[in-house]
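This report concerns only the one structure given below.
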């Protein structure tokens, strides 16, 4: 049985000290360190209860292999007859998985590479037993979850645990094969389908694949699968967990290096420029006028780079307004009075490219406004004091208002993505831009549009995306943090900085229920 308790090794300091990574004296309601430095103390995280699974055995070592084995032991199930040992059954299960997960009416995507990868993994000759088990595992887990088939689901867990142990052994022996990378990629997808202990394990797998690619890429023979993983698939996953906020130097280098020349690769390179800008926003000295000017120029260059990408690839030719009647969607929340007509696109790839382009702008433009505010508030600006409140009002600034426009554009894509015929794939890569839109509505204090985004996130869980409930919890926490008597708080948008609890706190649940009423 799962045990309940507090989060181990979790800092109890105030949000400001945790953000600055310094020790907090934990004085309440405001810590002494913040008071002495004349900076705003953001208060303390409320005590919460979460569910975690105890490990079966004590751990003595902490290498990569043991870490993978610890992950495996969190999912203990009773032995059942294995799919992986029977080729005919294995093929039938995989075929059912593909039919239920991916739409049949469109070509394989060049942006969301998951279908391309997993279908090619399945037909590779001479696959290792580890990769065979992993492919069968993700098939069983997804089918079991969607069809509420516990036996199928448990079989998937058993195969997953076995594959994790095999990978741990290979890593400990430094025995590289391409199957090692392919298996790690599928592990990421498994953790997005089944993450009972929060998003930490999913984030750990993303970091693990990045480490594998960095360590073994020089050993890998170039092939379409490895190239697709390196240049497209994994860069998107890296963006999802970092939100291009405060990326480490090696990660930023990976995201901005020369790609494969695809529109996605170039867009991700432009998106990654938000990272150094976010670092400057958080560390800038407002009294340094030149630094404020440099921040603004950096932001404007990034915006122009995104505009140039959109124009170069003629993206405007791939989109047109449509009618909600053209989309058959079960349980689609009404957007009447919130957004203009939904969009239709020439292909699903164009949907995804538009959504990530708009997400980048929705996240970038508030930082540009912040830079302009610093400059306008500086004594060297020459702006009279009586006009200062006007020129620093976000809702009188074109860039800030445009962030809301781009968030609306993202939401106008969701009726297309949520069509029943899109199946699981309609949500697979769209949750990140949807969260970027909800973050914008948090900053705008627009509860109606924010709540609409949350309802869409709640729908994603029913299509196999187990990360969705945690994203809902994060969104509500951010809403209350931003709009609960602390309007000037800058809410972090990186999943690395905000780890959700296993379940929302009781207080949070009560407040959400009051809003729903």
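Residue numbers (this note's numbering): 5 to 521. Glycine included, each C-beta is placed from N, C-alpha and C at the ideal position. Please read these numbers as outputs of a predicted model, since none were measured by experiment.
Among all the DSSP beta bridges, which residues are the ones paired with residue 349?
-> For the purposes of this step, residue 349 is identified with residue 345 of the chain shown, where counting begins at 1. Paired residue(s): 323.
Residue 215: buried (16+ other C-beta within 10 angstroms of its C-beta) or exposed?
-> Position 211 of the chain shown, counted from the start, is the residue given in the question as residue 215. By the 10 Å Cβ count, residue 215 comes out exposed.
Give a yes or no on whether 8 Å exceeds the smallest Cβ distance from residue 150 to chain B.
-> Given the protein chain composition of this structure (a single chain), no chain B is represented.
If you count every other CB in all the chains shown that lies within 10 Å of the CB of residue 246, and 16 or more means buried, which is it?
-> Indexing the chain shown from 1 puts residue 246 at position 242. Buried: at least 16 other Cβ atoms inside 10 Å.
Candidates 287, 304, 431 and 151: closest to residue 274 by CA position | Your numbering for residue 274 matches position 270 in the chain shown. When each option's Cα is compared against that of residue 274, the closest is 304.
Proximal residues to residue 1 (C-beta, below 7 Å), its chain only, five neighbours per side dropped = Absent from the structure is residue 1, since the part of the chain shown begins at 5 and ends at 521.
Measure the alpha-carbon distance for residue 111 versus residue 357 and round it to whole angstroms.
-> In the chain shown, residue 111 corresponds to position 107, counting from 1. In the chain shown, residue 357 corresponds to position 353, counting from 1. Answer to the nearest angstrom: the Cα atoms are 16 Å apart.
State buried or exposed for residue 267, treating a residue as buried only when at least 16 other CB atoms are found within 10 Å of its CB.
-> Mapped onto the chain shown, residue 267 falls at position 263. Flag for residue 267 reads buried.
Quick one: any contact between the stretch 147-154 and the stretch 298-313, if contact means 3 or more CB pairs under 8 Å?
-> no
Grab me the residues of residue 174's own chain with a C-beta within less than 7 Å of its C-beta, minus the 5 sequence neighbours each way, in chain order.
-> As a position in the chain shown, residue 174 is number 170, starting the count at 1. These residues qualify, in order along the chain: 184.
Between 160, 423 and 132, which lies nearest to residue 140 when the distance is taken from Cα to Cα?
-> For the purposes of this step, residue 140 is identified with residue 136 of the chain shown, where counting begins at 1. Residue 160 is the option with its Cα nearest to residue 140.
Rounded to the nearest angstrom, how far is the Cβ of residue 188 from that of residue 213, given a contact under 8 Å?
-> In the chain shown, counting from the first residue as 1, residue 188 sits at position 184. In the chain shown, counting from the first residue as 1, residue 213 sits at position 209. Residue 188 to residue 213, Cβ: 5 Å. Contact.
With distances taken from CA atoms, which of 425, 485 and 296 is nearest residue 384?
-> Working through the chain shown from its first residue, we reach residue 384 at position 380. Taking only the C-alpha atoms, the option nearest residue 384 is 296.
Through-space distance from residue 394 to residue 203, alpha-carbon basis = In the chain shown, residue 203 corresponds to position 199, counting from 1. In the chain shown, residue 394 corresponds to position 390, counting from 1. Distance between the alpha carbons of residue 203 and residue 394: 42 Å.
Using CA coordinates, which residue listed in 162, 445, 371 and 288 is at the minimum distance from residue 144?
-> Here residue 144 refers to the residue found at position 140 of the chain shown. It is 162 whose Cα lies nearest to the Cα of residue 144.
Are residue 437 and residue 360 closer than 8 Å when you measure CB to CB?
-> Position 433 of the chain shown, counting from 1, holds the residue named residue 437. Position 356 of the chain shown, counting from 1, holds the residue named residue 360. In contact: residue 437 and residue 360 (Cβ atoms closer than 8 Å).
DSSP on residue 22, reduced to helix/strand/coil?
-> Here residue 22 is taken as the residue at index 18 of the chain shown, counted from 1. Helix.
Going by alpha carbons, who is nearest to residue 452 out of 431, 432 and 480?
-> For this step, residue 452 is matched to residue 448 along the chain shown. Checked all of 431, 432 and 480; the closest Cα to residue 452 is 480.
CB-CB under 6 Å to residue 284, same chain, minus the five flanking residues each way: which ones, in chain order?
-> Counting from 1 along the chain shown, the entry for residue 284 is found at position 280. Result list for residue 284: 299, in chain order.
Pull up the distance between the alpha-carbon of residue 255 and that of residue 286, whole angstroms please.
-> What you label residue 255 is simply residue 251 of the chain shown in a count that begins at 1. What you label residue 286 is simply residue 282 of the chain shown in a count that begins at 1. So the alpha carbons of these two residues sit roughly 19 Å apart.
Report, in whole angstroms, the separation of the C-beta atoms of residue 433 and residue 103, which I expect to be a contact under 8 Å.
-> Sequence index remark: in the chain shown, residue 433 carries index 429 (1-based). Sequence index remark: in the chain shown, residue 103 carries index 99 (1-based). The pair is not a contact, with the Cβ atoms about 20 Å apart (cut-off 8 Å).
Which listed residue (127, 119 and 107) has its alpha carbon closest to that of residue 94 | Stepping through the chain shown from its first residue, residue 94 is reached at position 90. The shortest C-alpha separation from residue 94 is found at 127.
Under 8 Å by Cβ, that's how I've got residue 431 and residue 401 pegged, so tell me the actual separation to the nearest angstrom.
-> Within the chain shown, numbered from 1, the residue matching residue 431 stands at position 427. Within the chain shown, numbered from 1, the residue matching residue 401 stands at position 397. Wrong, their Cβ atoms sit about 33 Å apart, outside the cutoff.
Leaving aside the five residues before and after residue 236 along the sequence, list all residues of the same chain whose C-beta is less than 6 Å from its C-beta, in chain order.
-> In the chain shown, counting from the first residue as 1, residue 236 sits at position 232. Result list for residue 236: 117 and 268, in chain order.
Using the rule of at least 16 other Cβ atoms within 10 Å of the residue's Cβ for burial, across every protein chain shown, is residue 192 buried or exposed?
-> Translated into positions along the chain shown, residue 192 becomes position 188. That one is buried.
How should residue 37 be labelled, buried or exposed, when 16 other C-beta atoms within 10 angstroms of its C-beta is the threshold for buried?
-> Counting from one through the chain shown, the residue named residue 37 turns up at place 33. Buried, since its Cβ has 16 or more Cβ neighbours within 10 Å.
CB contact flag (residue 349, residue 416, <8 Å) | Along the chain shown, read from residue 1 onward, the residue named residue 349 stands at position 345. Along the chain shown, read from residue 1 onward, the residue named residue 416 stands at position 412. No, the Cβ-Cβ distance between residue 349 and residue 416 is not below 8 Å.
Output the distance between the C-alpha atoms of residue 53 and residue 386, rounded to the nearest integer angstrom.
-> The count along the chain shown starts at 1 and reaches residue 53 at position 49. The count along the chain shown starts at 1 and reaches residue 386 at position 382. Because the pLDDT of residue 53 is 29, which lies under 50, any placement of that residue in the model is unreliable, and the question is left without a value.
Give every residue of the same chain whose Cβ lies closer than 7 Å to the Cβ of residue 317, excluding the five residues on either side of it in the sequence, and list them in chain order.
-> Position 313 of the chain shown, counted from the start, is the residue given in the question as residue 317. 267.
How big is the Cα-Cα spacing for residue 332 and residue 232?
-> Walking along the chain shown from the start, residue 332 turns up at place 328. Walking along the chain shown from the start, residue 232 turns up at place 228. Near 32 Å, if we compare the C-alpha coordinates of residue 232 and residue 332.
Buried or exposed: which applies to residue 33, given that a residue is buried once 16 or more other Cβ atoms fall within 10 Å of its Cβ?
-> Here residue 33 refers to the residue found at position 29 of the chain shown. The residue in question, residue 33, is exposed, as its Cβ has fewer than 16 Cβ neighbours within 10 Å.
Expressed to the nearest angstrom, what Euclidean distance is found between the alpha-carbon atoms of residue 465 and residue 16?
-> Residue mapping note: residue 465 aligns to position 461 of the chain shown, counting from 1. Residue mapping note: residue 16 aligns to position 12 of the chain shown, counting from 1. Answer to the nearest angstrom: the Cα atoms are 31 Å apart.
Proximity winner among 346, 341, 314 and 319, relative to residue 329 (alpha-carbon distances) | To locate residue 329, count along the chain shown from 1; it is residue 325. Nearest C-alpha to residue 329: 346.
Where does the unbroken alpha helix (DSSP H) through residue 128 begin, and where does it stop?
-> Locating residue 128 in the chain shown gives position 124, where the first residue counts as 1. No alpha helix (DSSP H) contains residue 128, which DSSP labels as neither H nor E.
Curious, which full-length alpha helix (DSSP H) runs of at least 4 residues does the stretch 427-498 contain?
-> 429-432, 435-448, 451-465 and 472-487
Within the same chain, show all residues whose beta-carbon is closer than 7 Å to that of residue 194, passing over the 5 residues directly before and after it, in chain order.
-> Mapped onto the chain shown, residue 194 falls at position 190. Excluding positions up to five away in sequence, the list reads 141, 142, 145 and 164.
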